[in-house]
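Residue numbers (my numbering): -2 to 266.
The C-beta atom is built at its ideal place from N, Cα and C for all residues, glycine as well.
This one's a predicted model, so the numbers in the text were calculated from it and none came from an experiment.
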Amino acid sequence: MIQLVLPESASQNAISGIISSLSNILKSTHQETRQSARATVGNIVILLPASFLAQVLKDLKAVLLRGPQLHVLAHTTYSILSRASESSKDFEIDSHASKLLMSIIIDDLFGQPWRDRQSKELKAKKKFNETKTSRSLESLQMIVSKLANSENLTDILVSFQQVLENTGPTKILKQVDECFNRICAGIVANKEKFDAPKVLDLSKNLISENAEYLKNKSQKKKSYVINPTDHRVVLSTKSKGFYTTSSEGTPSDKLVHNPARREGFLPAV
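Listed below in structure tokens is the structure:
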């Protein structure tokens, strides 16, 4: 209602103040207090135009920064998406909001919150129930199902490309695979934005970009390869410039044939 009676700039400031206050309440160690604050944030979002979602997420991220707060942030994000999706079929997520949402989800699924959930000892010590489970996979599916533009899916997939570039544990690979399953389910649910021609065009672009990426990566690796059979190159590399085994001769040849060095050795002999 604030947005309806105030100018846009004033309403944004007023809403930011309210969300910041609720974000501080979300730091509470009392579960019921956090649940009430989370529900209030969701109720505020559904009263605002979709363009305000990005601002709400920014305000939440500015306060919930570390430790259990990151888990609370991810659960609050799920609560907002769930509440907004249930309240209106016309609810859509623009590019600004989708990028902020993905930064929260990627961190929850592959960052410190994910590592916290892998540690049973750490989970047992936490007073926050949000640290024990994750709803980010469900959030991811809702995001894709509510995208305002199919082109925004590219940004979402790029986020996972960055994860895969730095991936080691098998658990993370399984997590990425499950994320892709959720993305597919979201695409199926968002048929209006993802019709057959758009999906085919997107697939073509992704395959082309991935092929180019792998090609560049392969070329970069080849540029550092030294043929181990080329002993002259290997010895030259190991010598670090002190001498080379080229047509100029070996180090002993240089010593014998250099008059100045030969004269210096004669007295010693």
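{"Asked": "Kindly identify the DSSP beta-bridge partner or partners of Ile90.", "Found": "Leu144"}
{"Asked": "Nearest to Ile16 by CA position, among Ile153, Arg35, Asn126, is which residue?", "Found": "Arg35"}
{"Asked": "Can you name the start and end residues of the alpha helix (DSSP H) that Thr151 belongs to?", "Found": "149 to 162"}
{"Asked": "Express the C-alpha separation of Ile153 and Lys96 in angstroms, rounding to a whole number.", "Found": "8 angstroms"}
{"Asked": "Return the Cβ separation of Ala59 and Ile101 in integer angstroms, given the expectation that the two are a contact with Cβ distance under 8 angstroms.", "Found": "Not quite, the Cβ-Cβ distance comes to about 12 angstroms (not below 8 angstroms), so this is no contact."}
{"Asked": "What's the call for Asn10, buried or exposed, on a 16-neighbour Cβ count within 10 Å?", "Found": "exposed"}
{"Asked": "Over the uninterrupted alpha helix (DSSP H) stretch that includes Asn178, give me the two end residues.", "Found": "167 to 186"}
{"Asked": "Take the Cβ of Phe177 as the centre, count every other Cβ of all protein chains shown within 10 Å, and call the residue buried at 16 or more, exposed below.", "Found": "exposed"}
{"Asked": "How far does the alpha helix (DSSP H) with Lys24 in it extend, from its first residue to its last?", "Found": "No alpha helix (DSSP H) holds Lys24; DSSP gives it neither H nor E."}
{"Asked": "Ignore the nearest five residues each way along the sequence and tell me which others in Ser13's own chain have a CB closer than 7 angstroms to its CB.", "Found": "Gln52, Asp56"}
{"Asked": "Using a threshold of 8 angstroms, state whether the C-beta atoms of Val69 and Leu78 are closer than that.", "Found": "no"}
{"Asked": "So, under 8 angstroms CB-CB, Ser82 and Lys143 are touching, yes? Tell me the CB distance rounded to an integer number of Å.", "Found": "6 angstroms"}
{"Asked": "Since I believe Thr128 is in contact with Arg114 (beta carbons under 8 angstroms), could you give me their beta-carbon distance rounded to a whole number of angstroms?", "Found": "7 angstroms"}
{"Asked": "When the Cα of Ser136 is compared with those of Ile90, Ser8, Asn202, which residue comes out closest?", "Found": "Ile90"}
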